[in-house]
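Reading the sequence shown from the start, the letters are residues 12 to 381 in our numbering.
Glycine included, each C-beta is placed from N, C-alpha and C at the ideal position.
Note that the coordinates shown come from a computational prediction; the quantities given were computed from them, not determined experimentally.
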Amino acid sequence: MLPRHSFISIDCGYTANQTYTDSRTGISYASDEGYTDAGLIHPVDKGNLQTDLADRYLNLRFFPSGERNCYTLRSLTPGGKYLVRAAFGYGDYDKLNKNPTFDLYFGVNYWTTVTIVSSSTAYVFEIIAVCPADFLQICLVNKGSGTPFISGLDLRSLTSDLYLEANVTQSLVLLSFFRDTVGFGPNRYHFGTNYQHIRFPDDPYDRMWQRYENVDGWTDVPNKSNGEIKNSTNDNYDAPSAVMRSASIPVNDSRMDLSWSSDSSMNVGVDPKFFLVLYFAELEAVQELRQFDVSVDNNPLASAFSPKFLLPTVLSGIVQGSNEHSISLVATSNSALQPLISAMEIYMLRPVNESTTDSLDGICYSSGYF
Numbered sequence: 012m013l014p015r016h017s018f019i020s021i022d023c024g025y026t027a028n029q030t031y032t033d034s035r036t037g038i039s040y041a042s043d044e045g046y047t048d049a050g051l052i053h054p055v056d057k058g059n060l061q062t063d064l065a066d067r068y069l070n071l072r073f074f075p076s077g078e079r080n081c082y083t084l085r086s087l088t089p090g091g092k093y094l095v096r097a098a099f100g101y102g103d104y105d106k107l108n109k110n111p112t113f114d115l116y117f118g119v120n121y122w123t124t125v126t127i128v129s130s131s132t133a134y135v136f137e138i139i140a141v142c143p144a145d146f147l148q149i150c151l152v153n154k155g156s157g158t159p160f161i162s163g164l165d166l167r168s169l170t171s172d173l174y175l176e177a178n179v180t181q182s183l184v185l186l187s188f189f190r191d192t193v194g195f196g197p198n199r200y201h202f203g204t205n206y207q208h209i210r211f212p213d214d215p216y217d218r219m220w221q222r223y224e225n226v227d228g229w230t231d232v233p234n235k236s237n238g239e240i241k242n243s244t245n246d247n248y249d250a251p252s253a254v255m256r257s258a259s260i261p262v263n264d265s266r267m268d269l270s271w272s273s274d275s276s277m278n279v280g281v282d283p284k285f286f287l288v289l290y291f292a293e294l295e296a297v298q299e300l301r302q303f304d305v306s307v308d309n310n311p312l313a314s315a316f317s318p319k320f321l322l323p324t325v326l327s328g329i330v331q332g333s334n335e336h337s338i339s340l341v342a343t344s345n346s347a348l349q350p351l352i353s354a355m356e357i358y359m360l361r362p363v364n365e366s367t368t369d370s371l372d373g374i375c376y377s378s379g380y381f
C-alpha cells in the first residue's frame with residue numbers, strides 16, 4: 012500500500028488551516044489555504060445537491076476575477092506519475108441559477124472543459140499524467156460563460172509501471188460520460204456487485220470505481236470460492252481485489268454488448284483517440300470451457316479468450332473517432348459458458364504540448380519555488 016503522504020486531499024473552501032477525516036475512506040482532508048491565494052470561499056446549501064455526497068461539496072472556492080486562477084501542489088517527484096482528481100458541485104451557491112462553463116488545465120496543458128448542466132449534480136474529472144518537476148499547477152480558466160469554481164482537488168501518486176500509456180508525451184483523461192443509472196460521470200466501472208462505489212482503502216491508489224448500470228438480461232457472478240484475486244507481477248493496471256472479485260454475465264444469451272460516446276464537453280476534437288482497458292477474471296473453479304471473442308467497433312481485440320481463475324487479465328487498445336463506440340463479448344462455438352466482464356476504464360489520450368519547468372506561465376515549477 013502506498014504511504015499516506017503520497018496523497019494530497021483538498022477540500023476547497025473549507026475553514027483555513029483545518030483538517031478532518033472522511034468517515035467512509037479514512038482519508039484526511041485539508042483546507043485549500045496555502046495551495047492558492049486567489050478566489051473567495053462560499054458555503055453550499057446541502058438541499059441543493061444530490062443526496063449522499065461527501066462533505067467537501069458543502070463549500071467551494073470561486074474565482075470572480077482573473078482569467079486564469081491556479082492551485083499549486085508541491086513536494087512532488089520530478090518525472091513522477093500522478094492521478095489528479097477535480098470535483099465540482101455548483102448547488103446554485105450564488106443564487107444566480109446560472110450553470111457555468113470553464114476550462115481546466117493540468118499545468119500548461121488543456122485537461123477538459125467543465126460544463127455544469129445540473130446545479131445539484133457532482134461533476135468529477137480525472138487525469139493521469141507525468142509532471143517533469145516537483146511542483147505543478149491545476150488551473151481554472153474563465154471562458155466568459157460563468158464564474159469558475161471548485162469543490163475539491165486530489166492528487167494520488169502512482170508507481171511508474173502503472174498506466175504506461177501516460178508518459179512525457181501524452182496523458183490519460185478519464186472519459187466523463189453520464190450513464191442512466193450511475194451517480195458520476197467518470198467511466199471507471201466494476202461489474203457484478205451491489206457496492207455502488209469502491210475506492211480507498213480497497214484501492215490503495217484511491218481510484219474511484221462505480222458500479223456499472225443495471226442491464227436487463229445480465230446477472231452477477233460472485234467469488235464463491237472466496238479465493239483472493241492476486242495480480243501478476245507484470246500487471247500494469249493493478250485493479251484491486253475488491254473490484255475483481257465479482258463479474259457480470261448474460262443470463263440467457265451468448266453475448267454481452269456495451270457502448271460509449273464521447274462527451275462533447277471534453278472538447279474531444281475531430282478525430283479523438285480513446286484508450287480502453289477491460290478487466291477479466293474467472294471466479295468459479297469451472298470444469299466447462301468459458302471462451303469468447305472480444306471486439307471493439309466490430310474489430311477483433313482478442314479471439315477465443317478464456318479468463319484465468321482468480322487471476323486478472325487485461326485487454327486494452329486504442330479506439331479512434333468521435334462517434335458512438337461498441338464493445339462486444341461473444342461466446343465461441345466451443346464455449347459451454349457465457350462471456351463475463353469484471354471491470355472497465357475508458358480514457359482519452361491527450362498530447363502533452365509543453366513540458367517546460369521554468370516558464371513564467373509556468374505551471375510546473377522547478378524546486379526553487381515556494
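Query - Three-state class that DSSP yields for Leu-64 in the structure shown - result: Leu-64: coil per DSSP, three-state reduction.
Requested in this report: Report yes if the CB atom of Ile-357 is closer than 8 Å to the CB atom of Leu-186, and no otherwise.
Outcome: yes
Query raised in the report: So, Ser-171 versus Lys-109, is the Cβ gap smaller than 8 Å?
Result: Not in contact: Ser-171 and Lys-109 (Cβ atoms no closer than 8 Å).
Requested in this report: Give me the Cα-Cα distance between Phe-195 and Ser-162, rounded to the nearest whole angstrom.
Outcome: 15 Å
Query raised in the report: Considering Val-152, what are the terminal residues of the beta strand (DSSP E) in which it resides?
Result: 147–156
Query - Span of the beta strand (DSSP E), counted from its first residue to its last, around Val-254 - result: Unbroken run through Val-254 is the alpha helix (DSSP H), 252–255; no beta strand (DSSP E).
Query raised in the report: Around the C-beta of Pro-362, are 16 or more other C-beta atoms found within 10 angstroms, so that it is buried, or is it exposed?
Result: That one is exposed.
**Report entry** Option nearest Leu-289 by Cα separation, candidates Ser-306, Val-297, Ala-296
**Finding:** Ser-306
**Report entry** Run of the beta strand (DSSP E) containing Ala-315, from where it starts to where it stops
**Finding:** 310–316
Report task. Please classify Ile-329: is it buried, with 16 or more other beta-carbons within 10 angstroms of its beta-carbon, or exposed? Result -> With fewer than 16 Cβ atoms within 10 Å of its Cβ, Ile-329 is classed as exposed.
Report task. Note down the Cα distance separating Tyr-25 from Val-341, rounded to an integer number of angstroms. Result -> 50 Å
Report task. Measuring alpha carbon to alpha carbon, tell me which of Val-55, Arg-222, Tyr-248 ends up nearest Tyr-216. Result -> Closest option to Tyr-216, Cα to Cα, is Tyr-248.
Query raised in the report: Roughly how far, in whole angstroms, is the beta-carbon of Val-400 from the beta-carbon of Leu-166, given that I think they are within contact range, below 8 Å?
Result: Nothing about residue 400 can be reported from this structure: the residues present for the chain run from 12 to 381 only.
Query raised in the report: So, do the stretch 43–52 and the stretch 104–123 have three or more beta carbon pairs nearer to each other than 8 Å?
Result: no
Query - Assigned secondary structure, Asn-247 (DSSP; H/G/I helix, E/B strand, else coil) - result: coil
Requested in this report: Go ahead and pull the three-state DSSP assignment for Ala-27.
Outcome: coil
Query raised in the report: Just the Cα atoms here: how many angstroms apart are Ala-27 and Ala-41?
Result: 8 Å
Query raised in the report: Any idea which residues DSSP pairs Lys-92 with across the strands?
Result: Checking the DSSP bridge columns, you'll see Lys-92 partnered with Val-141, Leu-169.
**Report entry** Straight-line gap, Val-262 to Asn-237 (C-alpha atoms, nearest Å)
**Finding:** 22 Å
**Report entry** Sufficient close CB pairs (3 or more, under 8 Å) joining the stretch 218–230 to the stretch 302–319
**Finding:** no
Query - Residue span of the beta strand (DSSP E) that contains Ala-296, given as start and end - result: No beta strand (DSSP E) contains Ala-296, which DSSP labels as neither H nor E.
Report task. Please state whether DSSP places Gly-58 in a helix, a strand or coil. Result -> The answer is helix: DSSP assigns Gly-58 an H, G or I state.
**Report entry** Neighbour-count burial assignment, Arg-256, 16 or more Cβ in a 10 Å radius
**Finding:** Here Arg-256 is buried, its C-beta having at least 16 other C-beta atoms within 10 Å.
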